[in-house]
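*Asks:* Sharing a structure with you now.
In the numbering used here, the protein residues as written are 122 to 666.
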């Protein structure tokens with residue numbers, strides 16, 4: 122740059138992600154997350170150690186922060202760092218339902234497998250939407266016909282599990298609600314890469330399972346989908362293929378693959394590519410889906426599993442069988458609960474009778490700790506491969522590759538992960554280095570293997586890892602060179618002259634911070650001259666005065 126310190130970062134839109142709580146009355150009384158830090162200030166109070174409950178997951182409330190912009194969270198069934206986030210999608214969907222679920226609504230259109238929670242920009246995800254219904258269809262199922270009423274009184278969520286009772290729609294095509302026949306109980310659980318759904322149908326008759334590849338949170342013009350239908354020897358079917366979607370705020374696109382199986386023989390399979398149902402078994406296009414009809418008895422349970430992979434549909438199939446080849450829903454749910462208890466159990470809390478007499482803050486703490494371990498996601502296949510941001514497949518030798526970043530929103534959480542789960546953090550740092558090498562942009566690019574948001578301050582996360590001693594990264598030097606280019610790529614000619622970004626105090630300060638982080642990396646790698654230069658650039662914040 123022509124002026125020392127004149128190094129603005131990429132433009133940062135001031136998108137809000139307010140973190141107030143859900144509409145439940147007791148949640149409204151919970152104090153802000155920052156109050157948790159006051160728990161260590163216990164001078165003059167009687168201190169007690171909470172008796173650890175049988176399950177720490179019982180302290181987590183996944184409904185917290187799920188009323189639209191009051192958190193943009195989701196009650197999804199998720200395993201720690203799971204790539205599958207299996208959640209209800211409320212109806213009608215609006216552009217501010219960034220994670221697909223709005224606590225204030227009373228209808229659910231189905232259950233989708235991907236999302237990014239806690240961010241704005243219209244969100245991203247909602248892929249592979251599956252809906253159980255009694256409606257029979259002669260044409261493409263409308264979203265309205267699949268939207269079924271529910272009550273929060275008949276809804277339940279805990280880490281790794283979600284359940285709701287749906288008032289079934291019946292009839293033909295558009296259908297009507299029929300409460301007299303009972304409720305369809307929909308239950309969700311997950312492994313890292315596979316979503317597991319269990320539907321209990323209340324009455325005998327013809328039921329439909331609708332799989333929609335067109336539905337998404339951010340437009341359907343880039344779905345670029347593939348749908349293949351295979352009838353298996355036992356009369357069940359397997360659906361597989363590909364889908365693409367826009368990243369948050371429409372920047373670039375991600376491409377992923379899926380493999381879906383059902384445990385119940387079907388009586389018919391019809392697909393759509395547009396508005397007409399046909400018998401086609403191989404389809405390509407933007408608007409694809411399938412309707413599976415099956416004869417159910419009263420109280421019959423029908424199970425559906427869907428694996429999601431950045432690699433291929435065949436890899437999704439392999440991942441599903443490797444993680445869990447059974448149809449034991451309760452066992453998978455128990456495994457997810459155990460995994461979350463192990464993760465949450467890394468932190469124990471003390472509090473006083475005065476500060477937390479009823480354990481409200483304890484529940485708040487563990488709920489937010491739970492949220493910390495849902496992003497980024499484990500984007501490594503069970504075969505040890507991952508797809509880079511350049512679209513190529515790589516081998517993750519001896520570590521787990523993570524992806525799906527929301528760094529501009531949450532980069533400050535990563536040092537906490539380093540303290541709580543250093544083994545995970547080591548792999549996260551290596552994954553950030555991978556992204557620098559295979560290609561990094563401020564927002565998502567057109568070859569994202571997983572839906573993502575923004576990457577500002579990736580250099581700060583890399584610097585924090587290096588400060589904690591994670592230097593054993595084969596591509597660290599290459600990542601450093603890419604980090605230099607990434608930070609420098611956002612220079613502006615006016616800012617180069619002035620030494621700050623006009624009208625953008627935030628942008629000027631953010632960039633100064635990134636250069637400070639870059640200087641720390643340079644020092645660790647022995648590039649002393651560059652470290653001195655970047656340290657000078659880091660002082661550019663002074664120019665705003």
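C-beta atoms are modelled at their ideal positions from N, C-alpha and C, and glycine is treated no differently.
Is the distance from the Cβ of residue 523 to the Cβ of residue 497 below 8 Å?
*Replies:* yes
*Asks:* How would you call residue 403, buried or exposed, if buried means at least 16 neighbouring beta carbons within 10 angstroms?
*Replies:* exposed
*Asks:* Classify residue 291 as helix, strand or coil using the three-state DSSP reduction.
*Replies:* Of the three classes helix, strand and coil, the one that applies to residue 291 here is strand, per DSSP.
*Asks:* Can you list, in chain order, the residues of its chain with a C-beta nearer than 6 Å to that of residue 154? Leave out the 5 residues immediately preceding and following it.
*Replies:* For residue 154, the predicted structure reports a pLDDT of 37, less than 50, and the residue's modelled location is therefore unreliable. The matter cannot be settled from this model.
*Asks:* Please report how far the alpha carbon of residue 480 lies from the alpha carbon of residue 376, in whole angstroms.
*Replies:* 43 Å
*Asks:* What would DSSP say about residue 279, mapped onto helix, strand or coil?
*Replies:* strand
*Asks:* Apply the 10 Å Cβ neighbour rule to residue 650 and answer buried if 16 or more other Cβ atoms are within range, or exposed otherwise.
*Replies:* exposed
*Asks:* With distance defined between alpha-carbon atoms, name the residue in 652, 605, 466 nearest to residue 176.
*Replies:* Ranking 652, 605, 466 by Cα distance to residue 176 puts 466 first.
*Asks:* Going along the chain, which unbroken runs of the alpha helix (DSSP H) with 4 or more residues stay wholly within the stretch 457-482?
*Replies:* none
*Asks:* Here's the rule: buried if 16 or more other CB atoms are within 10 angstroms of the residue's CB, otherwise exposed. What is residue 449?
*Replies:* exposed
*Asks:* Pick out whichever of 410, 331, 297 has its Cα sitting closest to the Cα of residue 346.
*Replies:* Out of 410, 331, 297, 410 has the C-alpha closest to the C-alpha of residue 346.
*Asks:* Do you know how far the Cα of residue 314 is from the Cα of residue 328?
*Replies:* 27 Å
*Asks:* Are at least three pairs of beta-carbons, each pair with one atom in the stretch 363-376 and one in the stretch 410-420, less than 8 Å apart?
*Replies:* no
*Asks:* Measure the CB-CB distance between residue 423 and residue 385 and report whether it falls below 8 Å.
*Replies:* yes
*Asks:* Any contact of the stretch 574-588 with the stretch 534-554, i.e. 3+ C-beta pairs under 8 Å?
*Replies:* yes
*Asks:* Should residue 158 be labelled buried (16 or more other beta-carbon atoms within 10 Å of its own) or exposed?
*Replies:* For residue 158, the predicted structure reports a pLDDT of 39, less than 50, and the residue's modelled location is therefore unreliable. A value from the coordinates is still provided. Under the 10 Å beta carbon count, residue 158 is surrounded by fewer than 16 other beta carbons and is classified as exposed.
*Asks:* Taking residue 231 as the reference, which of 221, 238, 413, 503 has the closest Cα?
*Replies:* 221
*Asks:* Hey, residue 288 and residue 300: beta-carbon distance below 8 Å or not?
*Replies:* Their beta carbons are under 8 Å apart, which means residue 288 touches residue 300 by this criterion.
*Asks:* Return helix, strand or coil for residue 544, following the three-state DSSP convention.
*Replies:* Helix at residue 544.
*Asks:* Which of the three DSSP states is assigned to residue 252 in this structure?
*Replies:* Assignment of residue 252 by DSSP, reduced to helix, strand and coil, places it in the strand class.
*Asks:* Are the Cβ atoms of residue 392 and residue 426 separated by less than 8 Å?
*Replies:* no
*Asks:* Taking residue 520 and residue 506 to be in contact with their CB atoms under 8 Å, please state how far apart those CB atoms are, rounded to whole angstroms.
*Replies:* In fact, because the Cβ distance is near 12 Å, the residues do not count as touching under 8 Å.
*Asks:* Using DSSP bridges, identify the partner residues of residue 358.
*Replies:* 352
*Asks:* Pop quiz: residue 116 and residue 369 are said to be a contact at Cβ under 8 Å. What is the actual Cβ separation, rounded to whole angstroms?
*Replies:* What is shown of the chain runs 122 to 666, which leaves residue 116 out entirely.
*Asks:* Residues bridged to residue 526 by DSSP?
*Replies:* Residue 526 is not bridged to any residue.
*Asks:* With C-beta atoms as the reference, is residue 233 less than 8 Å away from residue 247?
*Replies:* yes
*Asks:* Roughly how many whole angstroms lie between the Cα atoms of residue 592 and residue 656?
*Replies:* 21 Å
*Asks:* Can you give the beta carbon distance from residue 664 to residue 620, rounded, assuming they're within the 8 Å contact cut?
*Replies:* 4 Å
*Asks:* Using a Cβ distance threshold of 8 Å, determine whether the stretch 540-558 contacts the stretch 588-608, with at least three qualifying pairs required.
*Replies:* yes
*Asks:* Less than 7 Å between C-beta atoms, sequence neighbours within five positions excluded: which residues of the same chain meet that for residue 487?
*Replies:* 177, 180, 181, 465
*Asks:* Of the residues 254, 503, 509, 575, which one's Cα is nearest the Cα of residue 527?
*Replies:* 575
*Asks:* Starting from residue 380, trace the beta strand (DSSP E) in both directions and tell me its first and last residue.
*Replies:* Counting along the chain, the beta strand (DSSP E) containing residue 380 begins and ends at 374-383.
*Asks:* Could you say which of 294, 271, 286, 229 lies nearest to residue 259 if we only look at CA atoms?
*Replies:* 294
*Asks:* Taking 8 Å as the threshold (beta carbon to beta carbon), is residue 499 in contact with chain C?
*Replies:* The structure shown contains no chain C; it is built from a single protein chain.
*Asks:* What does a CB cutoff of less than 6 Å around residue 641 pick up in its chain, not counting 5 residues either side in sequence?
*Replies:* 584
*Asks:* What is the residue span of the beta strand (DSSP E) that residue 403 lies within?
*Replies:* 403-406
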